[in-house]
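**Student:** Below: one structure in structure tokens.
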Amino acid sequence: MLELLLQTSVNAIYAASYMALIAVGFVLIFGVMGVINFAHGELYMSGAYAVVYVYAENQLPFFLAVAAGLVFVGLLGLLMEWALFRPLRDNPLGGLIASIGFLLILQTLAVLGFGVRMEHIPPPTREMLNVFGIEGVVLSVQRLYVIVATVLLLGALWVFLRRSKFGVALRACAQDAEAAALQGISMNQAARIAMCIGAALAGIAGALTAPLVRTYPFMGHSVIVTAFIIIIVGGIGSLEGAVVAAVLYAMVHTFVTTFIDGVIADIVGLLLMLLVLVIRPTGLFGIKDRA
Amino acid sequence: MRDGGSADRGKAWGWLAGLGLLCAALIALPHLLSYSQQEIAVFLVINVLLVVSYRLLTLTGEWSLGHVVIMGVGGYASALFTKALGVPVPLAMLLGAASAAATAFVLAFPLFRMKGFYFLIGSFAAGEVIRLLWKRFRVPFGGPKGLKLIPSFPDLEIGALTIDFFEPVNYYYLCLLVVSISVFILYRLERSRIGLTFHAVHWQDSLAESVGVSTWRYRTLAFVIASFFAGLSGALLAHYIGTVNPNRFDVGEMVFVLIWAIVGGTATIYGPILGVVVLTIINEVVLRQLGFDQMRPLFYGAILIASILFLPQGLESLVGKAREAWAGRGGGAGPEDQRFGAQ
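Protein sequence lines correspond, in order, to chains A and B. In terms of our numbering, the first sequence is residues 22 to 312. In terms of our numbering, the second sequence is residues 887 to 1229.
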């Protein structure tokens, strides 16, 4: 029993990692631009297909494929900012609607390019580690990559936002776009950076988890639901909140999945979100009401 | 109104003639279509009710992502009433719609503590919970495969004539009748004092509160009425296709409702209807004929983006402009002053 509990915790830490990558990008985009990026799950899907194309089909090294996913999806983010979100900045629902259009386009391109079947990508490593030195508690090295990458990337992002000039400008835009503009901060540039980073985080999450999940054109759907739950529980616009909420949600979801079943786990997650919305709409860490 | 009696009467005759032509066209329509196109026409008429009821909710300023699930509640409830309790189909349809309304009433308690973006997300979460419950519980909802063998609408016998509603043409007429009545009710409702209050709740909610209007109560009322008609459309659908399942009512379907409403526009009652009709024709007729089957969602996405970028007021704004141009040529007053909220 202890082994099962420990194993489930290890699984939850892995789940929390990639969820945090996705949710932090989602929050960053919402915080700076005020746009709900409904296509975030499809950005994740695009990262996974970058790995399918570069690694599985062209036999190039896995980490090259991950880097390709990062860059490709970051560029997709820039494209979305330039073509969709910038012209629609004054239209609060507009960005959401446009991102739904973009989502349909990305899904169709994936179907046309790779077909609707599920891709099984052989993981670059099948090595397993014993955690805590216990025989029955294992963590695959592939999952460890995800956890390490998350810690590194989110740490780097945190330093970037706190220490660099861009980071401060970005946070200023998230707090008050008008006041930031009065201080000479370019809203366009802040939006570009936020969108590029946010998309790239989703892309690398997709790329790293591609060998661990089933890759197919409609895989983004469950991701967007997860991202919604995490940003609501953590508080809209709060990056720290997103990380804490990702850990919390991953724990709850993994444990309920293990001990009851997956659909109940989804229901519990959604009820958790509704509960937070009713009792404390600003979330656990939210300060400001952006809506 | 200010043009004097004769012009007024002329206008009224014009409207009546237009309405007559529209009715004639709608009645003649199925006979010009192939069998599979007749089926599409049935779905189109059902979707008109869905999107027009959705618009009622948007009048109060709230955009829901749970409307299609509410439609599903109507379908599931109506199916269960007939299958488990043996209620006759027409009555079960009304009961299904009432169940959808009741569900909305219960959901209103948590959901209308939220506004704007939070309501959007909250309605999505609530809808997903309902949908997952259908998926999880085989009894009574049939699990992931849903409910099958739902009884169809009973044959109608008038003397020697038997009308079989299994035929798309006949079911099309039935739906057309039900939907026309529903749309008329929704239209009258919007023009009534209640409808005006919905507008007030949207545009001036603090002012409305300060003169004693309970915004919570009116938001709930709009939600419940909209859900009743969404449920009715779900029941119409369920007894036609004979099966309902959780995936039929997922967020992907909801996206289409959103697209119809946005592309058509929501300022007028004909806006969303234009949206659903035009997009269905493009999707089912034009793109299908061109053979772009797999690429259809791509075109749909591109149309959505183009319309939000270049036609943010929706197709209905084109109608307004066309009318203005027409009125400008004829020298008469534009119809704009009759639009809602203009006085």
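C-beta atoms are modelled at their ideal positions from N, C-alpha and C, and glycine is treated no differently.
Determine the closest residue to B:Ile1036 out of B:Tyr940, B:Pro976, B:Thr1048, with distance taken between C-alpha atoms.
**Tutor:** Here residue 1036 of chain B corresponds to residue number 150 of the second sequence, with the count starting at 1. Minimum Cα distance to B:Ile1036 is reached at B:Pro976.
**Student:** Would you identify the three-state DSSP class for A:Met101, choosing helix, strand or coil?
**Tutor:** Locating residue 101 of chain A in the first sequence gives position 80, counting from the first residue. Reduced to three states, the DSSP call for A:Met101 is helix.
**Student:** Taking the alpha-carbon of B:Thr968 as reference, which of B:Ser920, B:Lys1034, B:Tyr1156 has the nearest alpha-carbon?
**Tutor:** The count along the second sequence starts at 1 and reaches residue 968 of chain B at position 82. Of B:Ser920, B:Lys1034, B:Tyr1156, the residue nearest in Cα terms is B:Lys1034.
**Student:** From the DSSP output, in three-state form, read off B:Pro1221 for me.
**Tutor:** Looking up residue 1221 of chain B in the second sequence gives position 335. With a pLDDT of 44 at B:Pro1221, under the threshold of 50, the predicted position of this residue should be treated as unreliable, though the coordinate-derived value follows. It is helical.
**Student:** Residues in its own chain within less than 7 Å of A:Gly283 by CB, not counting five upstream and five downstream?
**Tutor:** For the purposes of this step, residue 283 of chain A is taken as the residue at position 262 of the first sequence. For A:Gly283, where only same-chain residues beyond five positions count, there are no Cβ hits under 7 Å.
**Student:** Let's see if you can read the secondary structure: which residues bound the beta strand (DSSP E) around B:Met957?
**Tutor:** For the purposes of this step, residue 957 of chain B is taken as the residue at position 71 of the second sequence. Here B:Met957 belongs to no beta strand (DSSP E); instead the alpha helix (DSSP H) covers 953-971.
**Student:** Let me make sure I understand the geometry here. Which of A:Gly98, A:Gly68, A:Val180, A:Leu96 has the alpha-carbon closest to that of A:Phe333?
**Tutor:** Shown here, chain A extends from 22 to 312; a query on residue 333 of chain A therefore has no answer.
**Student:** Please classify A:Glu156: does DSSP put it in a helix, a strand, or coil?
**Tutor:** To locate residue 156 of chain A, count along the first sequence from 1; it is residue 135. Three-state result, A:Glu156: coil.
**Student:** Using CA coordinates, which residue listed in B:Phe1135, B:Ile1194, B:Phe1178 is at the minimum distance from B:Trp1020?
**Tutor:** One-based indexing of the second sequence puts residue 1020 of chain B at position 134. With distances taken between Cα atoms, B:Trp1020 lies closest to B:Phe1135.
**Student:** Output yes or no for whether 7 Å exceeds the beta carbon distance between B:Val1087 and B:Thr1101.
**Tutor:** For the purposes of this step, residue 1087 of chain B is taken as residue 201 along the second sequence, with counting starting at 1. For the purposes of this step, residue 1101 of chain B is taken as residue 215 along the second sequence, with counting starting at 1. Closer than 7 Å, so yes.
**Student:** Give me the Cα-Cα distance between A:Tyr74 and B:Pro1198, rounded to the nearest whole angstrom.
**Tutor:** Stepping through the first sequence from its first residue, residue 74 of chain A is reached at position 53. Stepping through the second sequence from its first residue, residue 1198 of chain B is reached at position 312. The alpha-carbon atoms of A:Tyr74 and B:Pro1198 are separated by roughly 37 Å.
**Student:** B:Thr1166 to B:Met957, Cα distance in whole Å?
**Tutor:** For the purposes of this step, residue 1166 of chain B is taken as the residue at position 280 of the second sequence. For the purposes of this step, residue 957 of chain B is taken as the residue at position 71 of the second sequence. Going from the Cα of B:Thr1166 to the Cα of B:Met957 covers about 19 Å.
**Student:** Since B:Leu1042 sits in a beta bridge, which residues does DSSP pair it with?
**Tutor:** Here residue 1042 of chain B corresponds to residue number 156 of the second sequence, with the count starting at 1. Answer by DSSP bridge pairing, in chain order: B:Ile1049.
**Student:** For A:Met22, does the count of other Cβ atoms within 10 angstroms reach 16, so buried, or fall short, so exposed?
**Tutor:** Translated into positions along the first sequence, residue 22 of chain A becomes position 1. Under this definition A:Met22 is an exposed residue.
**Student:** In the region 1128-1200 of chain B, which residue ranges form an unbroken beta strand (DSSP E) of at least 3 residues, counting only runs that do not cross its ends?
**Tutor:** Listed in chain order, nothing qualifies, since the region 1128-1200 of chain B has no complete beta strand (DSSP E) run of 3 or more residues.
**Student:** Which residue's Cα is closest to the Cα of B:Leu1063: B:Leu935, B:Ala1124, B:Ala978?
**Tutor:** Working through the second sequence from its first residue, we reach residue 1063 of chain B at position 177. The shortest C-alpha separation from B:Leu1063 is found at B:Leu935.
**Student:** Suppose only complete runs of 3+ residues qualify. What are the beta strand (DSSP E) ranges in the region 166-223 of chain A, listed by chain order?
**Tutor:** Correct list: empty.
**Student:** Evaluate A:Gln204 with the Cβ neighbour count: other Cβ atoms within 10 Å of its Cβ, from every protein chain shown; 16 or more gives buried, anything less gives exposed.
**Tutor:** As a first step, residue 204 of chain A must be located in the first sequence, where it is residue number 183. Exposed, because fewer than 16 other Cβ atoms sit within 10 Å of the Cβ of A:Gln204.
**Student:** Once the 5 residues before and after B:Gly1157 are set aside, which same chain residues still bring their CB inside 6 Å of it?
**Tutor:** Within the second sequence, the letter at position 271 stands for residue 1157 of chain B. Once the five neighbours on either side are set aside, the close Cβ partners of B:Gly1157 are Gly1150, Gly1151, Gly1200, Glu1202.
**Student:** In whole angstroms, what separates the C-alpha of B:Ser1193 from that of B:Phe1185?
**Tutor:** As a working note, residue 1193 of chain B is residue 307 in the second sequence. As a working note, residue 1185 of chain B is residue 299 in the second sequence. Cα to Cα, the separation comes out at about 12 Å.
**Student:** Please determine, among B:Gly1161, B:Phe1115, B:Gln1180, the residue with the shortest C-alpha to C-alpha distance to B:Met979.
**Tutor:** As a first step, residue 979 of chain B must be located in the second sequence, where it is residue number 93. When each option's Cα is compared against that of B:Met979, the closest is B:Phe1115.
**Student:** Measuring alpha carbon to alpha carbon, tell me which residue in A:Leu295, A:Leu291, A:Leu229 is nearest A:Pro82.
**Tutor:** Counted from its first residue, the first sequence places residue 82 of chain A at position 61. The shortest C-alpha separation from A:Pro82 is found at A:Leu229.
**Student:** Please give me, in chain order, every unbroken run of the beta strand (DSSP E) with length at least 3 that falls completely inside the region 1061-1136 of chain B.
**Tutor:** If we require 3 residues or more, the region 1061-1136 of chain B turns out to have no beta strand (DSSP E) run fully inside it.
**Student:** Output the distance between the C-alpha atoms of B:Ala914 and B:Asp1179, rounded to the nearest integer angstrom.
**Tutor:** As a first step, residue 914 of chain B is located in the second sequence; it is residue number 28 there, counting from the start. As a first step, residue 1179 of chain B is located in the second sequence; it is residue number 293 there, counting from the start. Rounded to whole angstroms, B:Ala914 to B:Asp1179 spans 28 Å at the Cα level.
**Student:** Here's the rule: buried if 16 or more other CB atoms are within 10 angstroms of the residue's CB, otherwise exposed. What is B:Pro953?
**Tutor:** Sequence index remark: in the second sequence, residue 953 of chain B carries index 67 (1-based). Here residue 953 of chain B turns out to be His, not Pro, going by the sequence shown. Burial call: buried.
**Student:** Any beta-carbon of chain A closer than 7 Å to the one on B:Tyr962?
**Tutor:** Residue mapping note: residue 962 of chain B aligns to position 76 of the second sequence, counting from 1. Taking Cβ atoms only, chain A never reaches closer than 7 Å to B:Tyr962, which makes this a no.
**Student:** Helix, strand or coil for A:Asp282? Go by DSSP, reduced to three states.
**Tutor:** Taking the first residue of the first sequence as 1, we reach residue 282 of chain A at position 261. Three-state result, A:Asp282: coil.
**Student:** Quick one: does B:Glu1014 have its CB under 7 Å from some CB of chain A?
**Tutor:** Translated into the one-based positions of the second sequence, residue 1014 of chain B becomes position 128. Judged by the 7 Å Cβ criterion, B:Glu1014 is in contact with chain A.
**Student:** Return no unless some Cβ of chain B is closer than 7 Å to the Cβ of A:Ala212.
**Tutor:** As a first step, residue 212 of chain A is located in the first sequence; it is residue number 191 there, counting from the start. Closer than 7 Å: no.
**Student:** How would you call B:Ser1009, buried or exposed, if buried means at least 16 neighbouring beta carbons within 10 angstroms?
**Tutor:** Here residue 1009 of chain B refers to the residue found at position 123 of the second sequence. Counting Cβ neighbours within 10 Å, B:Ser1009 comes out buried, since at least 16 surround it.
**Student:** I'd like to know whether the C-beta atoms of B:Pro1040 and B:Val928 end up nearer to each other than 7 Å.
**Tutor:** On the second sequence, residue 1040 of chain B is found 154 positions in, with the first residue counted as 1. On the second sequence, residue 928 of chain B is found 42 positions in, with the first residue counted as 1. Their beta carbons are not under 7 Å apart, which means B:Pro1040 does not touch B:Val928 by this criterion.
**Student:** In whole angstroms, what is the alpha-carbon distance linking B:Val1110 and A:Leu295?
**Tutor:** Taking the first residue of the second sequence as 1, we reach residue 1110 of chain B at position 224. Taking the first residue of the first sequence as 1, we reach residue 295 of chain A at position 274. Answer to the nearest angstrom: the Cα atoms are 20 Å apart.
**Student:** Pick helix, strand or coil for A:Asn32, following the three-state DSSP scheme.
**Tutor:** For the purposes of this step, residue 32 of chain A is identified with residue 11 of the first sequence, where counting begins at 1. Reduced to three states, the DSSP call for A:Asn32 is helix.
**Student:** Using only the alpha-carbon positions, how far apart do B:Gly898 and A:Ala286 sit?
**Tutor:** The residue given as residue 898 of chain B occupies position 12 in the second sequence. The residue given as residue 286 of chain A occupies position 265 in the first sequence. Looking at the sequence provided, one finds Ala at residue 898 of chain B rather than Gly. So the two alpha carbons sit approximately 59 Å from each other.
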